[in-house]
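Note sheet for the following structure.
Chains as they are written, first to last, in my numbering: chain A, 110 to 333; chain B, 17 to 334.
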């Protein structure tokens, strides 16, 4: 790994290590994060119970009965210098059909108003990009995606909705994402997919994993 | 079928020790709010400590046993009534087919009671656990709280081991539950986000548990903790016990069903051994914090687990 940023190891309580690999959202940092979490998972390190990648950090949870902070940090440190070609090009591509606009995307009009683009342009830009799943969080299976065209950026709703249906595709600031479950939420909803993003009866339950790539495909019958 | 729910009250769920290893999919750990109480309830009736049992947030819960089985109810102040006769909590009691079983608690004694019965609860395993995750509507019984008329099956033959009946958990091993507690913490990883003296203020203050508290998190009311830098950080992984501080300066401690990532600064993290004591606080209770180092926290956890293992040796028969 090529590290401009000095990795920081810090305890998050008495059974987790928080490792910071950068301070901003970037493809390079995300590659480091995904590379490290993949290594940690592959190595099946004694005492490690979970590994949660995020934008710039990897959280490693451990069982204090089996390992302690110092020992585990010592095992992980050398992994940061290991060359690892994980990351953006390695991920699977998942295509997600989306019904844009109308009753499926009640906030498309707000995104149009805010961005000054036409509805067709919003849909073209949103479905024209390839997104990288930086990590999964907030809700089971909820993907934090990078790669949205900056022209689509629109602030969150001033008042979050009580219920956003599962499959809703939304924009919040410069981020886009898709709701895996019915949930309260404040993202601008521009469309909906009927693909099961999260299904507890499936193994694994989450459709997407960190490192995957995603394309949204406009489905017929969306905007009239 | 082992038990039939006659009165479900509100918010009773099936729980075990939760989901380990699913954080990268955004699936919370979940599981019993007071893991020790759940484990002891299981051990008392001869189950493995990892078995699923019923977590009860308030009294007014009643079941009928349809088979002979051992039952135990744990949690601070919780006792068991069988056909109207009172039995202590933290003790295995023999229930006969047809008996009415009613866990109850002195008013406001403690928040979560655990009712375990021999054989353990049989519900499908979802993502490695039988725990109910209400917000995700999965796990437990159809992903929901229990309701009147529910039938709860046992995973193994509930044939009671009569030797265990009447056995209790040693009182000196009970967690130090109370309405005014001191929880041990590890300082948070983002103290630089907070103003000078904010951490010191946090450590020397007493907070009250707010009314906005549930299986996801408990709000803490007390001196606000000012941020100096931006209140938000890039979202990153969190764990139960994390005390995060929102932009208004109010701390909130994450509990079992908390989301797996969060974007607030964290002033401290409650150690694992004290999470059950925290979980049992009710709104209005007061809580102070005492920093410890990782070595002390680990020692405490090993001692607690050793006590459980020693106790297991007295109950396991298989």
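Quick reminder that beta carbons are idealized off the backbone N, C-alpha and C, glycines included.
Quiz item: When the cut-off is 8 Å and only beta carbons count, does residue 298 of chain B lie next to chain A?
Solution: Residue numbering aside, residue 298 of chain B sits at position 282 when the second chain is read from its first letter. No - not a single Cβ of chain A is within 8 Å of the one on residue 298 of chain B.
Quiz item: When you check each C-beta in the region 164-177 of chain A against every C-beta of chain B, which residues fall closer than 7 Å?
Solution: Residues of the region 164-177 of chain A whose Cβ lies closer than 7 Å to any Cβ of chain B, in chain order: 164, 165, 166, 168, 170, 173, 174, 177.
Quiz item: Looking at the C-beta of residue 250 of chain B, does it have a partner C-beta in chain A at a distance below 8 Å?
Solution: Counted from its first residue, the second chain places residue 250 of chain B at position 234. Cβ-Cβ to chain A under 8 Å: yes for residue 250 of chain B.
Exercise. Could you tell me whether any Cβ in chain B is nearer than 8 Å to the Cβ of residue 119 of chain A?
Key: Translated into the one-based positions of the first chain, residue 119 of chain A becomes position 10. Interface residue, yes.
Exercise. Report yes or no: is there a C-beta of chain B within less than 8 Å of the C-beta of residue 264 of chain A?
Key: What you label residue 264 of chain A is simply residue 155 of the first chain in a count that begins at 1. Answer no: the Cβ-Cβ gap between residue 264 of chain A and chain B never drops below 8 Å.
Practice problem: Compute the distance between the beta-carbons of residue 121 of chain B and residue 71 of chain B, then report whether it is under 8 Å. | Solution: On the second chain, residue 121 of chain B is found 105 positions in, with the first residue counted as 1. On the second chain, residue 71 of chain B is found 55 positions in, with the first residue counted as 1. In this structure, residue 121 of chain B keeps its C-beta atom at 8 Å or more from the C-beta atom of residue 71 of chain B.
Quiz item: Quick one, which of B:302, B:66, B:106, B:69 has its alpha-carbon nearest residue 187 of chain B's?
Solution: Counting from one through the second chain, the residue named residue 187 of chain B turns up at place 171. B:106 is the residue among B:302, B:66, B:106, B:69 whose C-alpha sits nearest the C-alpha of residue 187 of chain B.
Exercise. Would you list the residues sitting across from residue 208 of chain A in a DSSP beta bridge?
Key: What you label residue 208 of chain A is simply residue 99 of the first chain in a count that begins at 1. Residue 208 of chain A is bridged to A:301.
Self-check item: Contact between the region 116-129 of chain A and the region 170-179 of chain A (3+ Cβ pairs under 8 Å)
Solution: The answer is yes - the region 170-179 of chain A touches the region 116-129 of chain A, with three or more Cβ pairs under 8 Å.
Practice problem: To the nearest angstrom, report how far apart residue 101 of chain B and residue 119 of chain B are at their CA atoms. | Solution: Within the second chain, numbered from 1, the residue matching residue 101 of chain B stands at position 85. Within the second chain, numbered from 1, the residue matching residue 119 of chain B stands at position 103. So the two alpha carbons sit approximately 11 Å from each other.
Quiz prompt | Close Cβ partners of residue 331 of chain B (< 8 Å) along its chain, the five nearest in sequence each way excluded | solution = For this step, residue 331 of chain B is matched to residue 315 along the second chain. Taken in chain order, the residues that qualify are 59, 60, 62, 180, 183.
Quiz prompt | Short Cβ contact (8 Å threshold) for residue 249 of chain A with residue 271 of chain A | solution = Walking along the first chain from the start, residue 249 of chain A turns up at place 140. Walking along the first chain from the start, residue 271 of chain A turns up at place 162. Taking the C-beta atoms as reference points, residue 271 of chain A is found no nearer than 8 Å to residue 249 of chain A.
Quiz item: Roughly how many angstroms separate the alpha carbons of residue 198 of chain B and residue 144 of chain B, rounded to a whole number?
Solution: Along the second chain, read from residue 1 onward, the residue named residue 198 of chain B stands at position 182. Along the second chain, read from residue 1 onward, the residue named residue 144 of chain B stands at position 128. Their Cα atoms are separated by approximately 33 Å.
Quiz item: Taking the Cβ atom as the reference point for each residue, do residue 122 of chain A and residue 139 of chain B lie within a distance shorter than 8 Å?
Solution: Position 13 of the first chain, counting from 1, holds the residue named residue 122 of chain A. Position 123 of the second chain, counting from 1, holds the residue named residue 139 of chain B. No.
Quiz item: Exposed or buried, what is residue 252 of chain B when buried is set at 16 or more other beta-carbons lying within 10 Å of its beta-carbon?
Solution: In the second chain, residue 252 of chain B corresponds to position 236, counting from 1. Residue 252 of chain B is classed as buried because its beta carbon has at least 16 other beta carbons within 10 Å across all chains shown.
Practice problem: Closer than 7 Å by beta-carbon distance: list the chain A residues that pair up with residue 276 of chain B, in chain order. | Solution: By one-based count along the second chain, residue 276 of chain B stands at place 260. Per Cβ cutoff of 7 Å: 161, 246.
Self-check item: Spatial distance of residue 282 of chain A from residue 156 of chain B (CA atoms)
Solution: Your numbering for residue 282 of chain A matches position 173 in the first chain. Your numbering for residue 156 of chain B matches position 140 in the second chain. One C-alpha to the other measures close to 36 Å.
Quiz item: What residue ranges within the region 231-309 of chain A form continuous beta strand (DSSP E) runs of no fewer than 3 residues, ordered along the chain?
Solution: The qualifying runs are 240-245, 252-255, 270-273, 277-281, 284-287, 292-294, 297-301.
Quiz item: In chain order, which continuous runs of the alpha helix (DSSP H) of length 4 or greater are located wholly inside the region 157-219 of chain B?
Solution: Runs found: none.
Quiz prompt | residue 233 of chain B in three-state terms, based on DSSP | solution = Start at 1 with the first residue of the second chain, and residue 233 of chain B comes out as number 217. Reduced to three states, the DSSP call for residue 233 of chain B is strand.
Self-check item: Buried or exposed (CB count within 10 angstroms, at least 16 for buried), residue 112 of chain B
Solution: Counting from one through the second chain, the residue named residue 112 of chain B turns up at place 96. With fewer than 16 other Cβ atoms from the protein chains shown falling within 10 Å of its own Cβ, residue 112 of chain B counts as exposed.
Quiz item: Which residues in the same chain have their Cβ closer than 8 Å to the Cβ of residue 153 of chain B, if we skip the five residues on either side of it in sequence?
Solution: Within the second chain, numbered from 1, the residue matching residue 153 of chain B stands at position 137. Only 159, 160 meet the Cβ criterion.
Self-check item: Residue span of the beta strand (DSSP E) that contains residue 153 of chain B, given as start and end
Solution: The residue you call residue 153 of chain B lines up with position 137 of the second chain. That residue, residue 153 of chain B, is in no beta strand (DSSP E); it is neither H nor E in DSSP.
Quiz item: Is there at least one Cβ from chain A nearer than 8 Å to residue 232 of chain B's Cβ?
Solution: Looking up residue 232 of chain B in the second chain gives position 216. Put simply, the CB of residue 232 of chain B is far from chain A, with every gap to its CB atoms at 8 Å or more.
Quiz item: Does the beta-carbon of residue 166 of chain A have 16 or more other beta-carbons within 10 angstroms, so that it is buried, or is it exposed?
Solution: Locating residue 166 of chain A in the first chain gives position 57, where the first residue counts as 1. That one is buried.
Practice problem: Note down the Cα distance separating residue 197 of chain A from residue 218 of chain A, rounded to an integer number of angstroms. | Solution: Counted from its first residue, the first chain places residue 197 of chain A at position 88. Counted from its first residue, the first chain places residue 218 of chain A at position 109. Here the model assigns residue 197 of chain A a pLDDT of 43, short of 50, so the residue's position is not dependable and the matter cannot be decided.
Quiz item: Does any residue of chain A bring its CB to less than 8 Å from the CB of residue 355 of chain B?
Solution: Since the first and last residues shown for chain B are 17 and 334, residue 355 of chain B lies out of range.
Quiz item: Under three-state DSSP, which class holds residue 77 of chain B?
Solution: As a first step, residue 77 of chain B is located in the second chain; it is residue number 61 there, counting from the start. Three-state DSSP puts residue 77 of chain B in coil, outside helix and strand.
Practice problem: Closer than 7 Å by beta-carbon distance: list the chain B residues that pair up with residue 277 of chain A, in chain order. | Solution: The residue labelled residue 277 of chain A in the question sits at position 168 within the first chain. For residue 277 of chain A, no chain B residue has a C-beta closer than 7 Å to its own C-beta; the minimum C-beta separation is roughly 16 Å.
Self-check item: Proximal residues of chain A, C-beta to C-beta of residue 154 of chain B below 7 Å
Solution: Position 138 of the second chain, counting from 1, holds the residue named residue 154 of chain B. Result: 309.
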